[in-house]
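S.K.:
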Amino acid sequence: MRPTRWLPAALLALGLLACGRLTATPAPAATASPHLPAATPSAAATGTLPATVTALPPTPAASPSPPIGVTSPAAPTAGPTAGPPPPVVILSFDGLRADAAETGNLPNLHALAARGAYTYHARTTFPPATLPSHASMLSGVGPEVHGLLWNDTDPARGLIGVPTIFSVAHEAGLTTVLVAGKEKFLHFNLPGTIDRYTFVTNGDQGIADQAVVEAQAGFDLLMVHFPNPDYFGHLDGWMSATYLYQLKRTDDALGRLLAALPPQAVVIATADHGGHGFVHGADLPADMTIPWIIAGPGVRQNYALTGPVTTTDTAVTAAYLLGLTFPGAVAGRPVWEAFTNLPPLVTQTTATPAAP
Ligand SMILES: [Zn+2]
Numbered sequence: 046m047r048p049t050r051w052l053p054a055a056l057l058a059l060g061l062l063a064c065g066r067l068t069a070t071p072a073p074a075a076t077a078s079p080h081l082p083a084a085t086p087s088a089a090a091t092g093t094l095p096a097t098v099t100a101l102p103p104t105p106a107a108s109p110s111p112p113i114g115v116t117s118p119a120a121p122t123a124g125p126t127a128g129p130p131p132p133v134v135i136l137s138f139d140g141l142r143a144d145a146a147e148t149g150n151l152p153n154l155h156a157l158a159a160r161g162a163y164t165y166h167a168r169t170t171f172p173p174a175t176l177p178s179h180a181s182m183l184s185g186v187g188p189e190v191h192g193l194l195w196n197d198t199d200p201a202r203g204l205i206g207v208p209t210i211f212s213v214a215h216e217a218g219l220t221t222v223l224v225a226g227k228e229k230f231l232h233f234n235l236p237g238t239i240d241r242y243t244f245v246t247n248g249d250q251g252i253a254d255q256a257v258v259e260a261q262a263g264f265d266l267l268m269v270h271f272p273n274p275d276y277f278g279h280l281d282g283w284m285s286a287t288y289l290y291q292l293k294r295t296d297d298a299l300g301r302l303l304a305a306l307p308p309q310a311v312v313i314a315t316a317d318h319g320g321h322g323f324v325h326g327a328d329l330p331a332d333m334t335i336p337w338i339i340a341g342p343g344v345r346q347n348y349a350l351t352g353p354v355t356t357t358d359t360a361v362t363a364a365y366l367l368g369l370t371f372p373g374a375v376a377g378r379p380v381w382e383a384f385t386n387l388p389p390l391v392t393q394t395t396a397t398p399a400a401p
């Protein structure tokens, strides 16, 4: 929670490096090949950022036994519906570009949007890379606060050092589950915050298989990470025929999972980043723009969100649904516009001062 003095400069340097490299040099296949995923999903999880990312000095978040930061029980508040909070599901499609999500052959995703509220103009945080962006998605704060700026599986760097939706929910006694398709999600597995954590090694169909098992076992918060869109974006290019074909297969997996969820669940479907050419990581709309869809009881149906949505809103909206708040200031906010009724009082502090 404590930005260090070097952090802004490091972020700036990272941005300059990423932008300079990725925008000044359009990435042909040969150039991109060092960043192509290898044959196994765990190897596919490695380095899509310049090597300089991993050379950054360790952050406070990188200590082997970081403080979780949850110092007081989250205050229970009412969610958007009367009665107990609904089960909440966060689905992250790794590297699902917003325009591909909107126009691709994705009948299950589009059916989810049709029974919910959606935007294909949400934004992720910079850098648009898997670990930093998922850290924002799960913590409600930006990279300048969560400090998780690397993008490789690197246990020596430790775990995320800020509260996550998992830690907040678990602290409140809720059952938390994560099914991840990349090994590097271990950096989110703070001890005592995720009741059931699974790293699935055989892609989106295996992810759906495991997620169905977890759904049937019961949960309050379930996050499911589908790795394949990113894998095939790096392999054959974002928006390539291969990428678009494989999105349909991912959508098939999504359909199997949705059919197994309890009817009262509220589902948020989104992505960590998009991509262009064979890469991502630049401050470009193709990389930064993500889909954001929410559906379930209390959510507007077939409603196109008009307000801005940022990936940090995912964690805070999930907390709101569960009747919880983050213990400290967050950058995200519940996406109030998505809900059918005016929200009850929620005393979440936001990081953005709203001085009159
Ligand atoms: Zn990613």
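Taking my numbering, I'd label the letters of the sequence shown as residues 46 to 401.
Here a beta-carbon is modelled for each residue, glycine too, at the ideal position from N, C-alpha and C.
From a predicted model like this one, the values you see are computed outputs, not experimental measurements.
Gly226 and Gly278 - do their beta-carbons sit closer together than 8 Å?
M.R.: Counting from 1 along the sequence shown, the entry for residue 278 is found at position 233. Counting from 1 along the sequence shown, the entry for residue 226 is found at position 181. Not a contact, by the Cβ cut-off of 8 Å.
S.K.: Can you give me the C-alpha to C-alpha distance between Leu299 and Phe271, rounded to a whole angstrom?
M.R.: The sequence position of residue 299 within the sequence shown is 254, counting from 1. The sequence position of residue 271 within the sequence shown is 226, counting from 1. Using only the alpha carbons, I get a separation of about 9 Å.
S.K.: Taking the beta carbon of Gln255 as the centre, do at least 16 other beta carbons fall within 10 Å, making it buried, or is it exposed?
M.R.: Sequence index remark: in the sequence shown, residue 255 carries index 210 (1-based). By the neighbour-count rule (16 or more Cβ atoms within 10 Å), Gln255 is buried.
S.K.: Quick one: does the C-beta of Asp296 sit closer than 7 Å to a heavy atom of ligand 1?
M.R.: Looking up residue 296 in the sequence shown gives position 251. Every heavy atom of ligand 1 is 7 Å or more from the Cβ of Asp296, so no.
S.K.: In the DSSP assignment, the alpha helix (DSSP H) including Leu223 goes from what residue to what residue?
M.R.: One-based indexing of the sequence shown puts residue 223 at position 178. Taken as a continuous stretch (DSSP letters only), Leu223 belongs to no alpha helix (DSSP H), being part of the beta strand (DSSP E) at Thr221 to Ala225.
S.K.: Is Ala374 helix, strand or coil when you go by DSSP?
M.R.: To locate residue 374, count along the sequence shown from 1; it is residue 329. Coil at Ala374, not helix or strand.
S.K.: Between the alpha carbons of Thr104 and Gln346, how many angstroms are there, rounded?
M.R.: Translated into the one-based positions of the sequence shown, residue 104 becomes position 59. Translated into the one-based positions of the sequence shown, residue 346 becomes position 301. Any reading at Thr104 must be qualified, since the residue scores a pLDDT of 32, below 50, and its modelled position is unreliable; the value itself is stated next. Roughly 42 Å between the two C-alpha positions.
S.K.: For Thr91 and Thr357, I'd like the C-alpha separation in whole angstroms.
M.R.: Residue numbering aside, residue 91 sits at position 46 when the sequence shown is read from its first letter. Residue numbering aside, residue 357 sits at position 312 when the sequence shown is read from its first letter. The pLDDT assigned to Thr91 is 33, lower than 50, so where the model puts this residue is not dependable; a value taken from the coordinates is nonetheless given after this. The straight-line gap from Cα to Cα measures roughly 23 Å.
S.K.: Under the assumption that Leu235 contacts Leu204 (Cβ atoms under 8 Å), give the Cβ distance between them as a whole number of angstroms.
M.R.: Looking up residue 235 in the sequence shown gives position 190. Looking up residue 204 in the sequence shown gives position 159. With 8 Å as the limit, Leu235 and Leu204 qualify as a contact, their Cβ atoms being about 5 Å apart.
S.K.: In terms of DSSP beta bridges, what is Leu329 paired with?
M.R.: Against the sequence shown, residue 329 aligns to sequence position 284. In the DSSP output, where bridge partners are listed per residue, Leu329 has none listed.
S.K.: So, at 6 Å on beta carbons, what are the nonlocal neighbours of Gln250 in its own chain, with the 5 sequence-adjacent residues on each side left out?
M.R.: Reading the sequence shown from its first residue, position 205 is the one you call residue 250. Contacts found: Ala298.
S.K.: For Asp139, verify whether its CB is less than 7 Å away from any heavy atom of ligand 1.
M.R.: By one-based count along the sequence shown, residue 139 stands at place 94. Yes, ligand 1 has a heavy atom inside 7 Å of this Cβ.
S.K.: Quick check on the DSSP output: what are the complete beta strand (DSSP E) runs of length 3 or more inside the stretch 238-282, in order along the chain?
M.R.: If we require 3 residues or more, the beta strand (DSSP E) runs fully inside the stretch 238-282 come out as 241-244 and 266-271.
S.K.: Only counting the same chain, and skipping five residues up and downstream in sequence, which positions put a Cβ closer than 8 Å to that of Ala75?
M.R.: Here the question's residue 75 lines up with position 30 in the sequence shown. Any answer about Ala75 is weak, because its pLDDT of 31 lies below 50 and its placement is not dependable; what the coordinates show is given next. Answer for Ala75: no residue qualifies.
S.K.: Go ahead and label Asn150 buried or exposed: buried means 16 or more other beta carbons lie within 10 angstroms of its beta carbon, across all protein chains shown.
M.R.: Walking along the sequence shown from the start, residue 150 turns up at place 105. The residue in question, Asn150, is exposed, as its Cβ has fewer than 16 Cβ neighbours within 10 Å.
S.K.: What beta strand (DSSP E) runs, 3 residues minimum, are completely inside the stretch 130-171?
M.R.: Counting only runs of 3 or more, we get 133-138 and 161-168.
S.K.: Nearest to Gln291 by alpha carbon, out of Tyr276, Ala159 and Thr355?
M.R.: Counted from its first residue, the sequence shown places residue 291 at position 246. Among Tyr276, Ala159 and Thr355, the Cα nearest to that of Gln291 belongs to Tyr276.
S.K.: When every heavy atom of ligand 1 is checked, does at least one fall within less than 7 Å of the C-beta of Asp328?
M.R.: The residue labelled residue 328 in the question sits at position 283 within the sequence shown. Checking every heavy atom of ligand 1 against the Cβ of Asp328, none is found closer than 7 Å.
S.K.: Using the beta-carbon count (16 or more within 10 Å), is Asn273 buried or exposed?
M.R.: Stepping through the sequence shown from its first residue, residue 273 is reached at position 228. It counts as buried.
S.K.: Output needed for Ala376: all residues of its chain with C-beta closer than 6 Å, excluding positions within five of it in sequence on either side, in chain order.
M.R.: Taking the sequence shown and counting its residues from 1, the one referred to as residue 376 is at position 331. Excluding residues within five positions, the ones whose Cβ falls inside 6 Å are Val186, Gly187, Thr357 and Ala396.
S.K.: Go ahead and pull the three-state DSSP assignment for Trp381.
M.R.: Counting from one through the sequence shown, the residue named residue 381 turns up at place 336. Helix.
S.K.: Near Thr287, which residues of its chain fall below 7 Å by C-beta distance, leaving aside the five closest residues on each side in sequence?
M.R.: Here residue 287 is taken as the residue at index 242 of the sequence shown, counted from 1. Cβ within range, chain order: Phe277, Leu280 and Asp281.
S.K.: Inspect the beta-carbon positions of Thr315 and Pro342 and report whether they are closer than 8 Å.
M.R.: Taking the first residue of the sequence shown as position 1, residue 315 is located at position 270. Taking the first residue of the sequence shown as position 1, residue 342 is located at position 297. No, they are not a contact pair.
S.K.: Verify the CB distance criterion: does Tyr242 have a CB-CB separation below 8 Å to chain E?
M.R.: The structure shown has no chain E; it contains just one protein chain.
S.K.: In the structure shown, what three-state DSSP assignment does Thr85 receive?
M.R.: Position 40 of the sequence shown, counted from the start, is the residue given in the question as residue 85. Low per-residue confidence applies at Thr85: pLDDT is 35, beneath 50, and the placement is therefore not dependable, though the value from the model is reported in the following sentence. If DSSP states are grouped into helix, strand and coil, Thr85 belongs with coil.
S.K.: Look at Ala217 and Leu369 and say whether their C-beta atoms are less than 8 Å apart.
M.R.: Position 172 of the sequence shown holds residue 217. Position 324 of the sequence shown holds residue 369. Yes, they are a contact pair.
S.K.: Mapping the DSSP letters down to three states, classify His321 as helix, strand or coil.
M.R.: Along the sequence shown, read from residue 1 onward, the residue named residue 321 stands at position 276. Three-state DSSP puts His321 in a strand.
S.K.: Near Ala158, what residues of its chain come up, given a Cβ to Cβ distance below 6 Å and the 5 sequence neighbours on each side ignored?
M.R.: Sequence index remark: in the sequence shown, residue 158 carries index 113 (1-based). So the list reads Ile338, once near-sequence residues are dropped.
S.K.: Check each candidate in Asp197, Leu266 and Asp144 and name the one with the smallest Cα separation from Thr359.
M.R.: Counted from its first residue, the sequence shown places residue 359 at position 314. Among Asp197, Leu266 and Asp144, the Cα nearest to that of Thr359 belongs to Leu266.
S.K.: In the DSSP assignment, the alpha helix (DSSP H) including Ile210 goes from what residue to what residue?
M.R.: Translated into positions along the sequence shown, residue 210 becomes position 165. Unbroken alpha helix (DSSP H) run through Ile210: Ile210 to Glu216.
S.K.: Do the CB positions of Phe264 and Thr220 come within less than 8 Å of each other?
M.R.: As a working mapping, residue 264 is identified with position 219 in the sequence shown. As a working mapping, residue 220 is identified with position 175 in the sequence shown. Yes, these two residues count as a Cβ contact at 8 Å.
S.K.: Using a Cβ-Cβ cutoff of less than 7 Å, which residues in the same chain neighbour Ile210 once the five nearest sequence positions on both sides are dropped?
M.R.: Stepping through the sequence shown from its first residue, residue 210 is reached at position 165. Cβ neighbours of Ile210 beyond the five flanking positions: Leu183, Leu266, Ala360, Ala363 and Ala364.
S.K.: On the CB-based measure, 16 or more other CB atoms within 10 Å of its CB, does Gly237 come out buried or exposed?
M.R.: The sequence position of residue 237 within the sequence shown is 192, counting from 1. Exposed, since its Cβ has fewer than 16 Cβ neighbours within 10 Å.
S.K.: Need the endpoints of the alpha helix (DSSP H) that Thr287 sits in, please.
M.R.: In the sequence shown, the residue the question calls residue 287 occupies position 242. First-last of the alpha helix (DSSP H) with Thr287: Ala286 to Ala305.
S.K.: If contacts are defined as beta-carbon pairs under 8 Å, then Thr169 and Asp328 qualify, I think. What distance do you get, rounded to the angstrom?
M.R.: Numbered from its first residue, the sequence shown carries residue 169 at position 124. Numbered from its first residue, the sequence shown carries residue 328 at position 283. Not quite, the Cβ-Cβ distance comes to about 11 Å (not below 8 Å), so this is no contact.
S.K.: Grouping DSSP H, G and I as helix and E and B as strand, with all else coil, what is Thr356?
M.R.: Here residue 356 refers to the residue found at position 311 when the sequence shown is read from its first residue. In this structure, Thr356 counts as coil in the three-state DSSP scheme.
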